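Participant: All you need for my numbering is the position in the sequence shown, starting with 1, plus 181.
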Amino acid sequence: SNMHTSVEVLWRLLQRTGLQAEVAALENAEPIDPGGAIGGLSEQYLRGLSSSLLEIRVLSAAVGSEGEKLIGVVISRTQLAVRLSAVEVEQGYGVLQAGLLRELRLQRQSESLDLVIFELAEEGDGEGLQPIRWREDPAVIFERVLSLSPGDSGAGMQLSSMGVISRVGWNEPRVRAVLGVDLEEVETSAGRGLRVQQTTPNGPAAGRLFGGDILVGVGNEQIGTREQFGRLLGRLQPGDRLRLELQRGADLQSVGLRAGWNPGEQFERSEFLDGRAGRVSERRTGFVGVIQHDIPVEPQSCPSLLLDWRGLPIGLTIARRARESSLAIPAMAVQRLMSGADGN
Numbered sequence: 182s183n184m185h186t187s188v189e190v191l192w193r194l195l196q197r198t199g200l201q202a203e204v205a206a207l208e209n210a211e212p213i214d215p216g217g218a219i220g221g222l223s224e225q226y227l228r229g230l231s232s233s234l235l236e237i238r239v240l241s242a243a244v245g246s247e248g249e250k251l252i253g254v255v256i257s258r259t260q261l262a263v264r265l266s267a268v269e270v271e272q273g274y275g276v277l278q279a280g281l282l283r284e285l286r287l288q289r290q291s292e293s294l295d296l297v298i299f300e301l302a303e304e305g306d307g308e309g310l311q312p313i314r315w316r317e318d319p320a321v322i323f324e325r326v327l328s329l330s331p332g333d334s335g336a337g338m339q340l341s342s343m344g345v346i347s348r349v350g351w352n353e354p355r356v357r358a359v360l361g362v363d364l365e366e367v368e369t370s371a372g373r374g375l376r377v378q379q380t381t382p383n384g385p386a387a388g389r390l391f392g393g394d395i396l397v398g399v400g401n402e403q404i405g406t407r408e409q410f411g412r413l414l415g416r417l418q419p420g421d422r423l424r425l426e427l428q429r430g431a432d433l434q435s436v437g438l439r440a441g442w443n444p445g446e447q448f449e450r451s452e453f454l455d456g457r458a459g460r461v462s463e464r465r466t467g468f469v470g471v472i473q474h475d476i477p478v479e480p481q482s483c484p485s486l487l488l489d490w491r492g493l494p495i496g497l498t499i500a501r502r503a504r505e506s507s508l509a510i511p512a513m514a515v516q517r518l519m520s521g522a523d524g525n
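#1: Going by CA-CA distance only, name the one from 270, 261, 393 and 361 that's closest to residue 381.
#2: When you compare each of 267, 432 and 377 to residue 410 by their alpha carbons, which one comes out closest?
#3: Under three-state DSSP, which class holds residue 511?
#4: Measure from the C-beta of residue 503 to each C-beta in chain C and report whether the shortest distance is under 8 Å.
#5: Could you give the first and the last residue of the continuous beta strand (DSSP E) run that contains residue 300?
#6: With burial defined as no fewer than 16 other Cβ atoms inside 10 Å of the residue's Cβ, what is the status of residue 365: buried or exposed?
#7: Here's the rule I'm using: 16 or more other beta-carbon atoms within 10 Å means buried, otherwise exposed. How should residue 416 be labelled?
#8: Taking the C-alpha atoms as reference points, what is the distance between residue 341 and residue 232?
#9: Under 8 Å: do the segment 391-403 and the segment 347-359 share three or more Cβ pairs, one atom per stretch?
#10: Going by DSSP in three states, residue 291 sits in which element: helix, strand or coil?
#11: Can you tell me whether DSSP reads residue 267 as helix, strand or coil?
#12: Pull up the distance between the alpha-carbon of residue 438 and that of residue 387, whole angstroms please.
#13: First and last residue of the beta strand (DSSP E) that includes residue 550?
#14: Determine the DSSP secondary structure at residue 210, reduced to helix, strand or coil.
#15: Which residue or residues does DSSP assign as beta-bridge partners of residue 224?
#16: Within the segment 403-430, note down every full alpha helix (DSSP H) run reaching 4 residues or more, in order along the chain.
#17: Using the Cα positions of residue 296 and residue 421, report the straight-line distance between them to the nearest angstrom.
#18: Can you give me the C-alpha to C-alpha distance between residue 288 and residue 298, rounded to a whole angstrom?
#19: In three-state terms, what does DSSP make of residue 517?
#20: Since residue 486 contacts residue 494 with CB under 8 Å, what's their CB separation in whole angstroms?
#21: What does DSSP give as the partner residues of residue 435 in its beta bridges?
#22: Using only the alpha-carbon positions, how far apart do residue 280 and residue 309 sit?
What follows is the structure, encoded as C-alpha cells:
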C-alpha cells in the first residue's frame, strides 16, 4: 500500500497486467524534468497559489489547548478549509490576512475527510481573499503530482519534488481510538456522571485527568453512562480532538484531549518504523474517497495544495499516512462539503 513508484516500475507493472495502450503511452512519453518549475510555470504563478494558504489563529485560548499552527485554504470569497483534527470547534478562530485578523465562524465539518469549513463572520469581509481555482477533471491513477505548502516561518512557499498518485477513491480503514482512562458510573448532586478511577501511564489522558474527576459532558453533549461515552468515542479516530467537561472537587473545568492509538494496533501497523522517515500525521485513518500519493508532506503543513504537473490544483493533502504515502481530499469532495451537500 506504501507504493513508491517510478516510470520504470509502472512500465513493468502495466506489462504484467497486459494494458498495452498504457504501456505504449509510457514508452512514447517525454520525460518530465523534476528540477524545473512545474510545466515551466513562473514563480509569480506559484506565489499566486500560495496566497490562498493563510494562517489561522485562536482568538481566545482555552485550558489544555496545544497552540498548533493552523493552515487555512481559501476555497471561496468567504470560506476557508482547515484540518478538523487541528481545531477545537468550541473555540473562536480568525484568519490572518494582510496583517489583519478576521474573525471566523464554523460553518460545517466532515469527520470522514478531517476537514472543517469556516466562513468569515462579517458579511462583505472577503475583500482581498484569493480562492483556489480547481482543475475541472478529477485526479487519475499514475498521474504525476506536486505539493505546495507554506514555508516553515509561515511566509513564502515550499514546492515538493514530483510524486505520483497510486490510488483514487480510496477508503482508509477506521481504527479504534482510545483515551487511556478507567471510568465508573456515579450519582452526583447534579445528576449522573463518570468518575475517573485511573489513567494509563503515557496515555492521552495521563496528566490531564486525575482520579476522582467526574466527567459530565463531551463538547456540547452531556454524558452519564459508560455506554454513552463509548458511542461518542467510537465516532473518533486516533488524532481527533475532544473537549471534556468535568467536575474536579468543587470546580467545573473544561479539558482538551487528543484521542490516541491502541498500543497493540499501532505496533502491528509498524507506525514506529514509519516515524524514522519523518513524522506521520496524528490523524491518518478513517478517510473516505481520498487520493493516495507518495509525496512526504509535513503533517503541520496540512492541508496543502495537491497540484498536477501543470500546476493546476486537484485536491488538498490532508495527512501523511506513512513513509511513502500521503492522503489528499479530491477537489470535488471539497466543493461538495463547501456547498453543504456533504458533511456533518
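We put the beta carbon where it would ideally sit given N, CA and C, even for glycine. Computed from a predicted model, the values in this text were never measured in an experiment.
Facilitator: Reading it off the structure:
#1: Position 200 of the sequence shown, counting from 1, holds the residue named residue 381. Minimum Cα distance to residue 381 is reached at 361.
#2: Here residue 410 refers to the residue found at position 229 of the sequence shown. It is 377 whose Cα lies nearest to the Cα of residue 410.
#3: Here residue 511 refers to the residue found at position 330 when the sequence shown is read from its first residue. In the structure shown, residue 511 sits in a strand (DSSP, three-state: E or B).
#4: Any reference to chain C falls outside this structure, which holds one protein chain only.
#5: Looking up residue 300 in the sequence shown gives position 119. Residues 296-301.
#6: Numbered from its first residue, the sequence shown carries residue 365 at position 184. Result: exposed.
#7: For the purposes of this step, residue 416 is taken as residue 235 along the sequence shown, with counting starting at 1. Classification of residue 416: exposed, given that the 10 Å Cβ count is below 16.
#8: Taking the first residue of the sequence shown as position 1, residue 341 is located at position 160. Taking the first residue of the sequence shown as position 1, residue 232 is located at position 51. The alpha-carbon atoms of residue 341 and residue 232 are separated by roughly 17 Å.
#9: Counting Cβ pairs under 8 Å, fewer than three are found: no touch.
#10: Sequence index remark: in the sequence shown, residue 291 carries index 110 (1-based). Strand at residue 291.
#11: By 1-based counting over the sequence shown, the position of residue 267 is 86. Here DSSP, grouped into helix, strand and coil, assigns residue 267 to helix.
#12: Translated into the one-based positions of the sequence shown, residue 438 becomes position 257. Translated into the one-based positions of the sequence shown, residue 387 becomes position 206. Cα-Cα distance, rounded: 10 Å.
#13: An answer regarding residue 550 cannot be provided, because it is not within the stretch 182 to 525 covered by the chain.
#14: Within the sequence shown, the letter at position 29 stands for residue 210. Caution is warranted here: a pLDDT of 43 is assigned to residue 210, below 50, making its placement in the model unreliable, and the coordinate value is therefore given only provisionally. Residue 210: coil per DSSP, three-state reduction.
#15: As a position in the sequence shown, residue 224 is number 43, starting the count at 1. Residue 224 pairs with nothing; no bridge assigned.
#16: 407-415
#17: As a first step, residue 296 is located in the sequence shown; it is residue number 115 there, counting from the start. As a first step, residue 421 is located in the sequence shown; it is residue number 240 there, counting from the start. So the alpha carbons of these two residues sit roughly 11 Å apart.
#18: Taking the first residue of the sequence shown as position 1, residue 288 is located at position 107. Taking the first residue of the sequence shown as position 1, residue 298 is located at position 117. Here the C-alpha atom of residue 288 lies approximately 6 Å from the C-alpha atom of residue 298.
#19: The count along the sequence shown starts at 1 and reaches residue 517 at position 336. Three-state result, residue 517: helix.
#20: Position 305 of the sequence shown, counting from 1, holds the residue named residue 486. Position 313 of the sequence shown, counting from 1, holds the residue named residue 494. Yes, they are in contact, since the Cβ atoms of residue 486 and residue 494 sit about 5 Å apart, within 8 Å.
#21: As a position in the sequence shown, residue 435 is number 254, starting the count at 1. Answer is 426, bridged to residue 435.
#22: By 1-based counting over the sequence shown, the position of residue 280 is 99. By 1-based counting over the sequence shown, the position of residue 309 is 128. So the two alpha carbons sit approximately 12 Å from each other.
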